[in-house]
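In this text, residue positions in the sequence shown follow this note's numbering: the first is 27, and each later residue adds one. We put the beta carbon where it would ideally sit given N, CA and C, even for glycine. Below is one structure, written out as structure tokens; the observations come after it.
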Amino acid sequence: MRLISLKSGFLRRRASDSPLSVRPQPEEAQIWMESFTALVSSKYGCSLYRAFLLREFSTENLDFWLAVEDYRNSKPQKMAVKAQQIYNEFVAVEASKEVNLDAETRLITWANVQSSNPDQHAFDRAQKRIKYMMERDSYLRFLQSKLFLELAHPDQYCPSAIED
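Given below as structure tokens:
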């Protein structure tokens, strides 16, 4: 909980606290409401969403989604090793950060990873399923969270009333 307090305090800092503002402007935060992709495409948005998920003990979906994005940008000669690592960490039954996938998606992903040369599309189906789940669940809760609303609509929140 202390980590969340530190992060939210960091994000609540006013732009006048320093010449370089580390806090995104409300307009940027409001763009995150347009789509999940807009949120995770923003360095600040993704960090804040992850802080929210940490509080809910549910970072595995975002971690998987980001790992697949990183995997897609990997050099072809490193893809097989990375694919196996991602599969072992997130997709395999009883993985350390197992994501919730149906058996068919898990099987298709396994076949893609085990192919002699997995390509950037090896996790497409699994990633789409996880993105869909986040868009329908944790992303919507995030948009209604105090953490997000304080940033997107600072004029509606009094700093002295904010809990630390």
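Asked	Found
Beta carbon of Cys72 nearer than 8 Å to that of Leu79	no
Cβ-based burial, Leu74 [other Cβ within 10 Å; buried from 16]	buried
Option nearest Asp163 by Cα separation, candidates Gln51, Asn126, Gln103	Asn126
Integer-rounded CB distance, given that Phe62 should sit under 8 Å from Tyr97	In fact, because the Cβ distance is near 19 Å, the residues do not count as touching under 8 Å.
Presumed contact (8 Å Cβ cut-off) between Phe90 and Ile156, rounded CB distance	6 Å
Which of helix, strand or coil DSSP assigns to Val66	helix
Short Cβ contact (8 Å threshold) for Tyr113 with Val94	no
Separation of Asn99 from Met105, as counted between CA atoms	9 Å
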